[in-house]
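Residue numbering for the sequence shown follows the UniProt record's numbering, beginning at 1 and increasing consecutively.
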Amino acid sequence: MVELKSSNQQHDNSQEEEKITELNQIIQERDTEMRKQLHNHIQILKGNIRVYCRVKPLLASRLSQNFSSMDQVKSSIEFPQRLRDELQTQLEVNGTDQQSKLFHFDCVFPHESTQTQIFNEVKPFIQTALDGENVCIFAYGQTGSGKTYTMEGPDYGYMQDDNCYQINDCSGIIPRAANFIFSEIDRIKAQFKREYHIEISSMEIYCENLRDLYNDQVDQQLNLVSVKNKILIQGQSWKKVENINDFLKLVQISSAKRVTSSNGVNEHSSRSHHIFQIKILGQNKSFESVESLLNIIDLAGSERRSNISAAAPTTNGTAQQSLDRKPTISKPKVADKNFHQSKTINKKPVNKGKQDLNDSFKAEQQQQILEQESVSINKSLTTLGRVFMMIADRKCKSKQNPPYRESKLTRILQDCLTSETKTLMIVNICSGNENIQQTKESLNFASQAMLAY
Numbered sequence: 001m002v003e004l005k006s007s008n009q010q011h012d013n014s015q016e017e018e019k020i021t022e023l024n025q026i027i028q029e030r031d032t033e034m035r036k037q038l039h040n041h042i043q044i045l046k047g048n049i050r051v052y053c054r055v056k057p058l059l060a061s062r063l064s065q066n067f068s069s070m071d072q073v074k075s076s077i078e079f080p081q082r083l084r085d086e087l088q089t090q091l092e093v094n095g096t097d098q099q100s101k102l103f104h105f106d107c108v109f110p111h112e113s114t115q116t117q118i119f120n121e122v123k124p125f126i127q128t129a130l131d132g133e134n135v136c137i138f139a140y141g142q143t144g145s146g147k148t149y150t151m152e153g154p155d156y157g158y159m160q161d162d163n164c165y166q167i168n169d170c171s172g173i174i175p176r177a178a179n180f181i182f183s184e185i186d187r188i189k190a191q192f193k194r195e196y197h198i199e200i201s202s203m204e205i206y207c208e209n210l211r212d213l214y215n216d217q218v219d220q221q222l223n224l225v226s227v228k229n230k231i232l233i234q235g236q237s238w239k240k241v242e243n244i245n246d247f248l249k250l251v252q253i254s255s256a257k258r259v260t261s262s263n264g265v266n267e268h269s270s271r272s273h274h275i276f277q278i279k280i281l282g283q284n285k286s287f288e289s290v291e292s293l294l295n296i297i298d299l300a301g302s303e304r305r306s307n308i309s310a311a312a313p314t315t316n317g318t319a320q321q322s323l324d325r326k327p328t329i330s331k332p333k334v335a336d337k338n339f340h341q342s343k344t345i346n347k348k349p350v351n352k353g354k355q356d357l358n359d360s361f362k363a364e365q366q367q368q369i370l371e372q373e374s375v376s377i378n379k380s381l382t383t384l385g386r387v388f389m390m391i392a393d394r395k396c397k398s399k400q401n402p403p404y405r406e407s408k409l410t411r412i413l414q415d416c417l418t419s420e421t422k423t424l425m426i427v428n429i430c431s432g433n434e435n436i437q438q439t440k441e442s443l444n445f446a447s448q449a450m451l452a453y
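In structure tokens, the structure reads:
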């Protein structure tokens with residue numbers, strides 16, 4: 001009889017523990033839902049589009065090599081709110097005409113800001129994507145202003161050790177976002193028994209051609225179609241990733257495939273717009289699904305044609321890749337023949353005159369390619385600026401429609417700029433006096449984006 005009572009008591013205790021666990025689960029889920037609602041409300045109050053500004057420091061190598069006087073390397077940027085540990089929202093640009101202009105943004109990062117500090121202000125956008133809202137983060141700025149460093153970091157922003165990738169101090173937004181996403185997914189799985197699936201896609205827009213960086217067929221172009229007022233990308237491939245290691249391996253693969261070259265301003269200038277997408281698919285124990293899309297876009301640098309100069313004929317592989325891929329600039333047969341003859345070993349002495357002519361022709365050809373790339377890049381960025389301007393005009397009851405269809409970049413960004421997508425623009429600028437005009441242009445562009453919303 002005593003054993004029976006003891007058994008019943010253990011059973012009752014077990015049921016009570018299960019009930020307590022279930023109630024705690026309900027409380028945690030309600031707390032999580034409340035947190036999501038409050039987080040989303042805060043993001044709405046801050047605005048659907050926000051603009052951050054990051055100032056690139058003067059590099060020591062440029063101070064010692066490129067300029068003859070210290071006047072040329074003076075910083076043109078000042079920070080009126082120079083208070084330690086306070087988030088800054090203003091910067092002042094001093095012009096060569098002794099006139100200064102004050103700019104206001106949602107957040108300003110001075111030269112000494114770290115990658116960690118940048119990501120701490122970007123993290124709420126990543127959290128929004130995990131909560132089921134679409135998010136777009138894109139970097140804008142002149143060539144060499146640090147956009148790719150901000151988005152990825154040097155050498156893709158992570159170290160490889162025993163085939164495992166690790167986030168380091170120089171890691172950019174993409175690897176840090178991946179690290180945050182997978183850490184949160186692991187926590188949610190353990191706490192709420194929810195399932196998540198992550199898929200990624202990577203594309204580039206090069207001279208108005210959209211291609212899939214995970215498709216080995218280089219010449220295959222992707223098409224944009226409008227379905228129910230949404231822009232879809234036909235033929236786009238998605239890669240399922242299970243962990244941070246898989247994710248970063250694929251980031252490295254796609255980044256290595258981008259078209260880059262030396263253009264006289266930046267040794268490894270990106271010649272295309274890079275669109276990196278993370279699809280987050282979540283499901284709770286009631287089989288309710290949550291789906292969101294996180295767009296992270298590294299725009300090609302805006303540049304002046306007067307600043308563009310071709311690299312020497314001994315360009316790196318990526319520059320030569322853009323040379324070979326350009327269908328609009330053909331190589332004369334004579335030059336091709338001489339080029340291949342020069343690679344024949346010990347068969348015929350090389351004619352130095354012909355070799356110099358061939359090198360000169362190749363340099364001229366590369367210059368034409370750089371100029372054509374520059375025209376394409378600037379046209380798409382100008383179209384994006386016109387979109388911001390017309391959105392601002394429509395707030396003043398203008399009936400003109402923004403020119404989304406005039407470039408592939410603005411078509412892809414159309415949903416981000418017209419829907420409830422939370423959008424962050426990071427404008428990267430150089431601080432040297434020699435960049436003063438382009439710095440002002442970039443800041444004016446960013447200010448126009450703020451006026452649009």
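All residues carry an ideal CB built from backbone N, CA and C; glycine is no exception.
Where do the ends of the alpha helix (DSSP H) carrying Thr-410 lie? 408 to 418
State buried or exposed for Lys-257, treating a residue as buried only when at least 16 other CB atoms are found within 10 Å of its CB. buried
For Arg-187, count neighbouring C-beta atoms within 10 Å of its own C-beta (all shown protein chains included) and say buried if the count is 16 or more, exposed if not. exposed
Would you mind stating whether Glu-291 and Ile-275 have Cβ atoms separated by less than 8 Å? no
Residue range of the alpha helix (DSSP H) that Arg-258 falls in? No alpha helix (DSSP H) holds Arg-258; DSSP gives it neither H nor E.
Go ahead and pull the three-state DSSP assignment for Tyr-149. The answer is helix: DSSP assigns Tyr-149 an H, G or I state.
Look at the alpha carbon of Ser-254 and the alpha carbon of Ser-14, and state the distance between them as a whole number of angstroms. 53 Å
C-beta contact flag for residue 454 and Asp-298 at 8 Å: Residue 454 is absent from the model: the chain starts at 1 and stops at 453.
Does the contact criterion of 3 or more C-beta pairs under 8 Å hold for the stretch 405 to 423 versus the stretch 228 to 248? A contact exists between the stretch 405 to 423 and the stretch 228 to 248.
On the DSSP letters alone, give me the boundaries of the beta strand (DSSP E) that Arg-54 sits inside. For Arg-54, the enclosing beta strand (DSSP E) begins and ends at 49 to 56.
Look up Phe-103 in the DSSP assignment and say whether it is helix, strand or coil. The three-state secondary structure of Phe-103, taken from DSSP, is strand.
If contacts are defined as beta-carbon pairs under 8 Å, then Cys-136 and Thr-421 qualify, I think. What distance do you get, rounded to the angstrom? 6 Å
For Ala-300, the nearest candidate out of Ser-237, Gln-127, Val-375 (CA to CA): Val-375
Is His-104 closer than 8 Å to Pro-57 when the C-beta atoms are compared? no
Quick check: Tyr-52 and Cys-107, are their CB atoms within less than 8 Å of each other? yes
Can you pull the DSSP bridge partners for Gln-277? Per DSSP, Ser-201, Asn-295.
Given 8 Å, three or more beta-carbon pairs between the stretch 210 to 222 and the stretch 368 to 384: At 8 Å Cβ cutoff, the stretches do not touch.
Give every residue of the same chain whose Cβ lies closer than 7 Å to the Cβ of Arg-405, excluding the five residues on either side of it in the sequence, and list them in chain order. So the qualifying residues of the chain are Arg-411.
Continuous alpha helix (DSSP H) stretch holding Phe-138: start and end: Per DSSP, Phe-138 belongs to no alpha helix (DSSP H); it is in the beta strand (DSSP E), 135 to 141.
Examine the Cβ distances between the stretch 191 to 199 and the stretch 221 to 228 and report whether three or more of them are shorter than 8 Å. no
Which class does Lys-379 belong to by DSSP, given the choice of helix, strand or coil? helix
Tell me where the beta strand (DSSP E) around Ser-226 begins and ends. 223 to 227
How would you call Gln-221, buried or exposed, if buried means at least 16 neighbouring beta carbons within 10 angstroms? exposed
Less than 8 Å separating the beta-carbons of Gly-167 and Pro-175? A small correction: the amino acid at residue 167 is Ile; Gly does not occupy that position in the sequence shown. Yes, they are a contact pair.
For the alpha helix (DSSP H) that Lys-189 lies in, which residues bound it at each end? 173 to 192
For the alpha helix (DSSP H) that Lys-123 lies in, which residues bound it at each end? 115 to 130
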